[in-house]
Structure formats: C-alpha cells, structure tokens
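First comes the structure, then the notes that go with it.
Protein chains: 2
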Amino acid sequence: MDARKSIRAKSGTNLGGASAHNRRIMIDALRINGALSRADLARATGLTPQTVSNIIEELARDGLVQSQASVRKGRGQPATPYHLVPDGAFAIGLQIDRHVTRTVIVNLVGDVLVQTESKLPSGGPAEGVLVILDIVGKACETLMAQFPHAAGKLVGLGLAMPGPFGINELYDDPWMMTAWQNFPLAERIAEGTGLEVALQNDASAAATAERLLGAAHGLDHVVCIYLGYGLGAGLILNGEIYGGAYSNAGEIGMMLALAPGDDANVEPLEHYTSMASLCNVLGIDPSDPRLFALVTDAVADGGPAVERWINNAADRLRRTVQMLESIFDPQTTILCGGAPQALIDRLIERMGPLMPSIADRAQRYPEPRLQAGLADPWSVALGAAAEPIARAFDPRFSAILKTP
Amino acid sequence: MDARKSIRAKSGTNLGGASAHNRRIMIDALRINGALSRADLARATGLTPQTVSNIIEELARDGLVQSQASVRKGRGQPATPYHLVPDGAFAIGLQIDRHVTRTVIVNLVGDVLVQTESKLPSGGPAEGVLVILDIVGKACETLMAQFPHAAGKLVGLGLAMPGPFGINELYDDPWMMTAWQNFPLAERIAEGTGLEVALQNDASAAATAERLLGAAHGLDHVVCIYLGYGLGAGLILNGEIYGGAYSNAGEIGMMLALAPGDDANVEPLEHYTSMASLCNVLGIDPSDPRLFALVTDAVADGGPAVERWINNAADRLRRTVQMLESIFDPQTTILCGGAPQALIDRLIERMGPLMPSIADRAQRYPEPRLQAGLADPWSVALGAAAEPIARAFDPRFSAILKTP
DNA sequence: TGTATTAAATCAATTGTCTTGACTTATTTC
DNA sequence: GAAATAAGTCAAGACAATTGATTTAATACA
Numbered sequence: 001m002d003a004r005k006s007i008r009a010k011s012g013t014n015l016g017g018a019s020a021h022n023r024r025i026m027i028d029a030l031r032i033n034g035a036l037s038r039a040d041l042a043r044a045t046g047l048t049p050q051t052v053s054n055i056i057e058e059l060a061r062d063g064l065v066q067s068q069a070s071v072r073k074g075r076g077q078p079a080t081p082y083h084l085v086p087d088g089a090f091a092i093g094l095q096i097d098r099h100v101t102r103t104v105i106v107n108l109v110g111d112v113l114v115q116t117e118s119k120l121p122s123g124g125p126a127e128g129v130l131v132i133l134d135i136v137g138k139a140c141e142t143l144m145a146q147f148p149h150a151a152g153k154l155v156g157l158g159l160a161m162p163g164p165f166g167i168n169e170l171y172d173d174p175w176m177m178t179a180w181q182n183f184p185l186a187e188r189i190a191e192g193t194g195l196e197v198a199l200q201n202d203a204s205a206a207a208t209a210e211r212l213l214g215a216a217h218g219l220d221h222v223v224c225i226y227l228g229y230g231l232g233a234g235l236i237l238n239g240e241i242y243g244g245a246y247s248n249a250g251e252i253g254m255m256l257a258l259a260p261g262d263d264a265n266v267e268p269l270e271h272y273t274s275m276a277s278l279c280n281v282l283g284i285d286p287s288d289p290r291l292f293a294l295v296t297d298a299v300a301d302g303g304p305a306v307e308r309w310i311n312n313a314a315d316r317l318r319r320t321v322q323m324l325e326s327i328f329d330p331q332t333t334i335l336c337g338g339a340p341q342a343l344i345d346r347l348i349e350r351m352g353p354l355m356p357s358i359a360d361r362a363q364r365y366p367e368p369r370l371q372a373g374l375a376d377p378w379s380v381a382l383g384a385a386a387e388p389i390a391r392a393f394d395p396r397f398s399a400i401l402k403t404p
Numbered sequence: 001m002d003a004r005k006s007i008r009a010k011s012g013t014n015l016g017g018a019s020a021h022n023r024r025i026m027i028d029a030l031r032i033n034g035a036l037s038r039a040d041l042a043r044a045t046g047l048t049p050q051t052v053s054n055i056i057e058e059l060a061r062d063g064l065v066q067s068q069a070s071v072r073k074g075r076g077q078p079a080t081p082y083h084l085v086p087d088g089a090f091a092i093g094l095q096i097d098r099h100v101t102r103t104v105i106v107n108l109v110g111d112v113l114v115q116t117e118s119k120l121p122s123g124g125p126a127e128g129v130l131v132i133l134d135i136v137g138k139a140c141e142t143l144m145a146q147f148p149h150a151a152g153k154l155v156g157l158g159l160a161m162p163g164p165f166g167i168n169e170l171y172d173d174p175w176m177m178t179a180w181q182n183f184p185l186a187e188r189i190a191e192g193t194g195l196e197v198a199l200q201n202d203a204s205a206a207a208t209a210e211r212l213l214g215a216a217h218g219l220d221h222v223v224c225i226y227l228g229y230g231l232g233a234g235l236i237l238n239g240e241i242y243g244g245a246y247s248n249a250g251e252i253g254m255m256l257a258l259a260p261g262d263d264a265n266v267e268p269l270e271h272y273t274s275m276a277s278l279c280n281v282l283g284i285d286p287s288d289p290r291l292f293a294l295v296t297d298a299v300a301d302g303g304p305a306v307e308r309w310i311n312n313a314a315d316r317l318r319r320t321v322q323m324l325e326s327i328f329d330p331q332t333t334i335l336c337g338g339a340p341q342a343l344i345d346r347l348i349e350r351m352g353p354l355m356p357s358i359a360d361r362a363q364r365y366p367e368p369r370l371q372a373g374l375a376d377p378w379s380v381a382l383g384a385a386a387e388p389i390a391r392a393f394d395p396r397f398s399a400i401l402k403t404p
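First to last, the sequence lines map onto chains E and X.
Under UniProt numbering, read the first sequence as residues 1 to 404, first letter to last.
Under UniProt numbering, read the second sequence as residues 1 to 404, first letter to last.
Structure follows, in structure tokens:
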C-alpha cells in the first residue's frame, strides 16, 4: 500500500472478462441441463449461434465438452448435443475434522475417483501438516495411475474445517479445534502442493455438495443445515455460497437460542444438536473409528436416551428452521450431515409439523419446505473438492472482472 | 413458454455488457470516494487510462459527471477530479405504511428534493391507487418546477411496503396490510406513470438508505434491523440487498424466538418489538398523525410501562443480534427505524453488553458490532427512492448480462 | 534560470470478441 | 420431389478495450 490515500473501487472488465463469463455460462448450462446442442445453448444464453459455436469449439479443444450422437427432433437438421467431459478437470477435497481427515479427488462432474481416510494427525498442525501433505501426495499418485493426463487438469484443493475461524482467542471451547483453526493450514498446503487452496467451513462445503449432486441441484436460494460433529448452516444465496464478511457465516451452532424450559444462560445450540452431543448422551467416544456404525445402531435400537435426544434436537431444529425461513425466504431448507441417514430421517420426521412461517405458502414451489440431503460422512470432503471446480467453472461476478 | 422442455441457463454477455459494467464501476467509485481524477479511476478499477478517459467523457456527455478545478499534488501534470452531478438522475420513492403514505424524490447523490406525506387512502387499494397516482403526479410537477430538465432523467419509482408479500391467505393478521399486499400495486403504478417500478419491503428500503447515506455507506456485509410499525431486517450481502427466493427475506419480525419466561406458544417477535407494540403498551393510536412526537415524549418521560417495554424489547433484540451475527458474520449490525432517535439510542444502550458471538473478536474492524442508523420516518421512502438509482447505476452481476 | 523528472491525459493504430447476414446441410411435411 | 423448417457455418463488420508513442504541465534539482 502506497502513501496516497487508498481509493476503494471494484474492478472493471474487458473483452476477456466477457469471454470468460460466456465460457462459464456454457459449462453451467451443460451442468444443469445435462446435454444441449449449440442451438439450444444459443437460445438459453441469449448469445448468437455463431458465438456459441466458437465457444463450444474452444471448450472441446480444451477437453471440457464433447459431442454425442445427433438427435432428430422434428423438421430441420438434427441437433448435435454436447455434454461435459467428466475427465475435463479434477480437484482435491480435504476435510479436517475433530478426529479424522478425509481426502477425495473428484472430476468435473463430481464423480469421486479417489477416497482416503485417516486419523487426524496427533501432535498438532505444525507436524500434522507434513502428514497431510503426504496423504494428499499419495492421493494424487493414485489419480495419476488411473488418469495419466490429469496432471495439468488439477484446478485446486478445497479445504474444509469446522469453523469459526479467526476468533479463537475468545472461545477456547473444547468443542472447537483451536490449534488447527489458528494454523495457516491453507497457506502451508498451497506452498507444499503448488495448488490453489480455498478454505471454507464444513457446513459450506456440505452445501456445495448438495448443490452439485444433492437436493439443492439447480436451486439458487437454499439453506443447508449441516449436522456434523458440530452444527452449521451452508448458505446458498443467489446461487453462490455466502461466507459473510469473514468466512464465518452460517455458524448457527453458536446461536444462543432458547427452547421452552431453558433459562437465560443457555448454551450454544450445537451443545444440544450435534453428533458430539449425541455421542455425549450415548457414551460413545467420538474418536472411535466405528463412530458412524455405532450411532446408526444406537438410533436403530432407539433407547430412551436416544429418544430424548432426538426430541430435544428436533424441537430446537424446528425453531431453527422457522427462524432461518423467516430470515432467508429460501426455496427449500435441507437437513444434511455427516450423520447416519436414519438419524436425519428421524429428525425430519420429529420436526413435523413445521412451525408457521413465510415459507408456509399455499401454492408452494415444487420443493418441500424441509427435506433430507446427503447423509454421508464424505459429503464435506466432496463439497470441499467441488469448491475449486465451482471457482474455476461457475459463472460468478468476480469471474467477470479484469484479470491483470 | 413454448412446448419444448424448458432449458435453464444464465444469460451470456457481450461487449455492451462489459461496457455497461465499466460505466457502473466508474459511478460507483465516484460515489464511494467523492471525486477522483481519470488517473485515479484507472488505478482503482484496473482499466487503462485511455478507457477511463473514454468512459468519463461519455458520462460527462450524459450529464452524470462533471470536472472540478484541477489540483496540483506534487510533480507532474495536475489532476482534474470528476464528481457525480447531483442532478444527473432522479428517482421517486413511495412508502405505503399502515397509516400513511410518503413520497420523496431524490437525485443521483441522494438529496431529497420533494417530500410529501398523507394518510393511507381509505377504501382499500383499488380506489387508493388513483389517489396515490395523483400524489405521485403532483410530486413530479413540483420537481419539474425546480428542474425543468428532469423529465428524461427519472430512472424509476421504488415502492416500499411492509412485508411479507404473497402469503397472505395464511396470515390474516391485523398486524399486516393484507389488502394492499395482495393488490398488484407495483404493476398499476407502472402502468399509471410509465416508470419502472420495483417493490421491496420496508426493511430492505431502510437498508438501502443506510447504504447510500447512513452507517452502512461503503460496507458490503451489513444487517440492518428496522424497527418500524413492524420489525424487519434489511440484508446487505456482498454489497447488494438480498431479497431471498420470493422477496420476503429479512422478515425477522415473524420469527417465533423465545425469551426467558416465554412458553412454547410464543407470538412473533414483532408483537414484542415494534412501534406497534409500543403504541399498544402506551395506549397511543398508531394512526395518529402526531405519532412520532407522542412516542418521543413518552420515551423522554420514561414511565414504568415504557421502561418495561424497552427492557423486554432490548432483551429480545440482544438475542436477535447474537443470532443474526452467528448467521451472517456481518461487518456491523445497524439498528434503525421509523422510530425516534431517542428510542433507538435507549434500546442500543439497554442491549449492552452484547452476548458473545463470532462477531465478538479481539481485533475488530473499525465498525462496532452494533450501531444506531437513521432514525427517521422518512428513511424508508428515501431507501425506496434509492433503489431505482442503485438499479440503474450500481455495479451488479445482472447488469453485465446481455440485453436483447 | 534551465534541464531533468514525474504524472496526467490524449492520439492513433491494433487486438480480440461478438454480431450480422448470407449460405450450407439435413430432416420432416405435404 | 418441392417446400418448409431447423442446425450449424462462413466471412465481413462493429465495437470496446489495449498498446505505445506523444503532449501537457507541474515539481526537483543543479
């Protein structure tokens, strides 16, 4: 920063910016609609057929799209549809959770190609980052064995961790992973791998996964409540993940909202409504590698402790959904998580009937007010991997701006 | 919509879109920074000096910017700063509230030029719209008397009403203005005036006003809690007002959040925390034209009923702020409203100390966690008027898209 | 006082992307 | 088999930003 008073302004754009936008528009249209002919794309995007033709040709040269057999649909020359080439790009997703790290590698369309899991390295992040770099390196080798041409097509690494970030001096809470959250992990991984690394919280990553492959596919206004070790919300607003001013948006687990019978000194929501609290109630060690199976069994058995927990959690989530609907007016709310499907389903069942809210309209859109999303311990890693793909290929305001 | 299966895609762009974006970028930079030379603009926007020169010349031709006296600042040729021409554009703001309608006309920089107030026409919207059209027409005449050249520079009319919109069959609540909310008022005004009309809820309009002239100026992530007849939140996310999927985002007055001592059957937040509830407690008729003065006096006198109300409202707002901070991670939260300044200040005072949240960080940005915004019965009308200005001149994703 | 230096702003030619309008190709309809 | 319809291409043109040289006007320094 030089001495002159700093001037704040957004970036302008140029022909390159417009072109980049149009490329992304094409890829986005193909991702949402499956396969489209050049004429379809021209109609859908408002561009001229010639422009579409040029861009498609360029994308085909780059190995991002591919033609398929032409289809006759009435009069006129048959259309040649194009679809995204799955192996057109790859990205790595890395999830750091309280007890495990998970790595996945996905392709352009979100297929998982490599998948590894290990315990969170003990000894803290300073040493642990070396272990993690090793894990990432091994995953890349596995990928290269399958797809030798993948080297130049790795668009980045998405890192997902429980939030919040950057405020740890105030909250030294055993529910948080202070050491890892304070460590410049993204920078160190970027140095170690040479890849672009983006950090987001686990709920945002889960929401990205929902948007790519799950219930939020093709929707632009969705709240994803993520039930993991903690509790968070991934916010899809105007078709993009919203991170807030300091990447901590959606930390609903830290809300101090009351339920009937609570006194004023209520604890954060995630102390009642999270896998961690359920483990607490059930006496399960959350670092147990069989965690998922143990919880699944406990939910299936359904003892009184489980029932009590589900009732309490469902009651709080019911209020949370009403609150989030009032605030966001979303197309739908999704309950997802690194939790067994049975648990998600039980919670949704117990959350009904939902409370009245502005989302409770007579002629509802096709989407229900509340629905189950991906209930998969891998969805956060998957969403983390989807982030670099989205960053590289999705239409967004920042992609239009001039690149120096 | 034709018979073929509908294809969803975003719009592409072209040179015109890029150019339109750059024009907006310039105006935005001048609005935020006051006055800048072409060289300053080039540096700030990343565009070349030549491009900036061309665009500034064009803007000057359109009467939107104007040069001022050149300033010597060290070596080299003195810079010629440009600033926005206040009379470069005009817009009308129309607020429909439970008991009054307010009309303002503002110019490009947000100065209020015309200002009228009258009772909400009785007899419902079908007849009332004619009265309103007449009011708007009169306001325009007043403007033309002052600025004869304003005719072609009227960019639109912003309409602000209490929300929510479109769900009234479910909530026939005396706190809402069902008849007006169900009437296609925006369309009718558009027909009657020939202007572009945009509808938003009053809290969003208030937030727009804060962004243009108030505490949110230059900030991109702000939650504005609007205390009016009802209670709402205007959401500034990524520098734009967020309206949700169906323009009802921010209806926090309808949240069913508990405070200590509430039972499960709690009423919506705005039944405790709004000017309407205060009037209720004080026995003031909210349709009294002296409302503002009456409330101001009552707050100054500070009887036990007022104190009780303030304590209750402050307690609920304190929780609401903690909740909104956890959800949005904003740069700041603003409490504003069509309420007396003294009331806003008293509430903020009583809301302290704020509850712990992710916004409670040690090294805080310049902005405080919570601050008072515009406390002015005119701010909603002003924000409504600012909306067409923003739509016409602010950089935004949709402005880049190709215009057919 | 005179020359070098620095910065703002402009001129003229160039580049890159989309657009336009005519044209080709392939299929159905009558 | 001719007309109609639709997909897709070709080649020239339009438009906005870029580039590099140039002009203008101030300060710095000898």
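Every residue, glycine too, gets a C-beta built ideally from N, C-alpha and C.
Proximity to Q95(X) [Cα-Cα], best of P162(X), H149(X), D111(X): The residue given as residue 95(X) occupies position 95 in the second sequence. It is P162(X).
Residue from D263(E), R308(E), H21(E) whose Cα sits closest to the Cα of S277(E): In the first sequence, the residue the question calls residue 277(E) occupies position 277. Of the candidates D263(E), R308(E), H21(E), the one whose C-alpha sits nearest the C-alpha of S277(E) is R308(E).
CB of A372(X) within 7 Å of CB of I348(X), strictly: Here residue 372(X) corresponds to residue number 372 of the second sequence, with the count starting at 1. Here residue 348(X) corresponds to residue number 348 of the second sequence, with the count starting at 1. Cβ atoms of A372(X) and I348(X): closer than 7 Å.
Alpha-carbon to alpha-carbon, D376(X) and G338(X): As a working mapping, residue 338(X) is identified with position 338 in the second sequence. As a working mapping, residue 376(X) is identified with position 376 in the second sequence. Distance between the alpha carbons of G338(X) and D376(X): 5 Å.
A3(X) at chain E interface by Cβ criterion, 7 Å: On the second sequence, residue 3(X) is found 3 positions in, with the first residue counted as 1. Its pLDDT being 32, under 50, A3(X) is placed unreliably by the model, and the measurement read from it follows with that caveat. No, A3(X) does not count as interfacial toward chain E.
Contacts that L347(X) makes with chain E (C-beta to C-beta distance below 9 Å): Position 347 of the second sequence, counted from the first residue, corresponds to residue 347(X). Under the 9 Å cutoff, chain E gives no residues; its nearest Cβ is about 19 Å from L347(X).
H21(X) - DSSP class collapsed to helix/strand/coil: Along the second sequence, one-based indexing puts residue 21(X) at 21. H21(X): helix per DSSP, three-state reduction.
Inter-residue spacing [alpha-carbon to alpha-carbon] between I105(E) and Q146(E): By 1-based counting over the first sequence, the position of residue 105(E) is 105. By 1-based counting over the first sequence, the position of residue 146(E) is 146. Computed Cα separation, rounded: 12 Å.
Proximity to T13(X) [Cα-Cα], best of R24(E), A9(E), I7(E): If you number the second sequence from 1, residue 13(X) lands on position 13. Considering only alpha carbons, the answer is R24(E).
Cβ neighbour criterion (16 or more within 10 Å) applied to T178(X): One-based indexing of the second sequence puts residue 178(X) at position 178. Classification of T178(X): exposed, given that the 10 Å Cβ count is below 16.
CB contact check: L256(X) to chain E, cutoff 7 Å: Locating residue 256(X) in the second sequence gives position 256, where the first residue counts as 1. Judged by the 7 Å Cβ criterion, L256(X) is in contact with chain E.
Any 3 or more C-beta pairs closer than 8 Å across the segment 27-39 of chain E and the segment 71-83 of chain E: yes
Strand pairing of Y82(E), partner residues [DSSP]: As a working note, residue 82(E) is residue 82 in the first sequence. According to DSSP, which records beta bridges pairwise, Y82(E) is partnered with L36(E), S67(E).
Where the beta strand (DSSP E) through G373(E) begins and ends: Counting from one through the first sequence, the residue named residue 373(E) turns up at place 373. That run of the beta strand (DSSP E) goes 370-375.
Unbroken beta strand (DSSP E) run spanning T332(E), endpoints: Residue numbering aside, residue 332(E) sits at position 332 when the first sequence is read from its first letter. Where T332(E) is concerned, the enclosing beta strand (DSSP E) stretches over 332-337.
Secondary structure of M355(E), DSSP reduced to three states: In the first sequence, the residue the question calls residue 355(E) occupies position 355. In this structure, M355(E) counts as coil in the three-state DSSP scheme.
Through-space distance from A151(E) to S70(E), alpha-carbon basis: As a first step, residue 70(E) must be located in the first sequence, where it is residue number 70. As a first step, residue 151(E) must be located in the first sequence, where it is residue number 151. S70(E) and A151(E): Cα-Cα distance of roughly 32 Å.
Beta-carbon proximity of A207(X) to S379(X), cut-off 7 Å: As a position in the second sequence, residue 207(X) is number 207, starting the count at 1. As a position in the second sequence, residue 379(X) is number 379, starting the count at 1. The answer is no: Cβ separation not under 7 Å.
Contact set between the segment 261-274 of chain X and chain E, restricted to residues whose Cβ is under 7 Å from the partner: D263, A264
Rounded Cβ spacing between Y246(E) and G234(E) (contact assumed at less than 8 Å): Position 246 of the first sequence, counting from 1, holds the residue named residue 246(E). Position 234 of the first sequence, counting from 1, holds the residue named residue 234(E). Y246(E) to G234(E), Cβ: 16 Å. No contact.
C-beta neighbour in chain X for H221(E), strict 7 Å: Taking the first residue of the first sequence as 1, we reach residue 221(E) at position 221. With 7 Å as the cut-off, H221(E) counts as an interface residue toward chain X.
Nearest candidate by alpha-carbon position, reference T101(E), set G352(E), A89(E), T116(E), I92(E): Here residue 101(E) refers to the residue found at position 101 of the first sequence. When only C-alpha atoms are compared, the closest one is T116(E).
Simplified DSSP assignment, three categories, for D60(E): If you number the first sequence from 1, residue 60(E) lands on position 60. Before going on, a small fix: residue 60(E) reads as Ala here, not Asp. Helix, per DSSP.
Chain X contact for M177(E) (CB, 7 Å cutoff): Locating residue 177(E) in the first sequence gives position 177, counting from the first residue. M177(E) does not count as touching chain X.
Boundaries of the alpha helix (DSSP H) in which T208(X) is found, first to last residue: To locate residue 208(X), count along the second sequence from 1; it is residue 208. That run of the alpha helix (DSSP H) goes 202-213.
Three-state secondary structure assigned by DSSP to G158(X): In the second sequence, the residue the question calls residue 158(X) occupies position 158. Three-state DSSP puts G158(X) in a strand.
Residue environment, S134(E), which counts as buried when at least 16 other CB atoms sit within 10 Å: Numbered from 1 along the first sequence, position 134 holds the residue referred to as residue 134(E). According to the sequence displayed, residue 134(E) carries Asp and not Ser. Label assigned to D134(E): exposed.
Own chain residues within Cβ distance below 8 Å of I167(E), not counting five before or after: Within the first sequence, residue 167(E) is the residue found at index 167, counting from 1. Here the set comprises N248.
Rounded C-alpha distance that separates A399(X) from L15(E): Numbered from 1 along the second sequence, position 399 holds the residue referred to as residue 399(X). Numbered from 1 along the first sequence, position 15 holds the residue referred to as residue 15(E). Spanning the two alpha carbons is a distance of roughly 16 Å.
Distance between beta carbons of I389(E) and R346(E), contact taken as under 8 Å: Here residue 346(E) corresponds to residue number 346 of the first sequence, with the count starting at 1. Here residue 389(E) corresponds to residue number 389 of the first sequence, with the count starting at 1. The pair is not a contact, with the Cβ atoms about 33 Å apart (cut-off 8 Å).
Straight-line Cα distance separating S19(E) from L47(X): Position 47 of the second sequence holds residue 47(X). Position 19 of the first sequence holds residue 19(E). Distance between the alpha carbons of L47(X) and S19(E): 17 Å.
Any chain X beta carbon closer than 7 Å to residue 458(E): Look at the range of chain E in this structure, 1 to 404, and you will see that residue 458(E) is not part of it.
Between the CA atoms of G158(E) and E387(E) - distance to the nearest angstrom: Within the first sequence, residue 387(E) is the residue found at index 387, counting from 1. Within the first sequence, residue 158(E) is the residue found at index 158, counting from 1. Cα to Cα, E387(E) sits roughly 6 Å from G158(E).
Distance CB(L231(X))-CB(L199(X)) smaller than 7 Å: For this step, residue 231(X) is matched to residue 231 along the second sequence. For this step, residue 199(X) is matched to residue 199 along the second sequence. No.
Paired residues, beta bridge with C224(X) - DSSP: As a first step, residue 224(X) is located in the second sequence; it is residue number 224 there, counting from the start. DSSP, once it has assigned bridges, lists G234(X), I334(X) as partnering C224(X).
Closest residue to Q341(E) among T103(E), G228(E), D97(E) (Cα-Cα distance): Here the question's residue 341(E) lines up with position 341 in the first sequence. It is G228(E) whose Cα lies nearest to the Cα of Q341(E).
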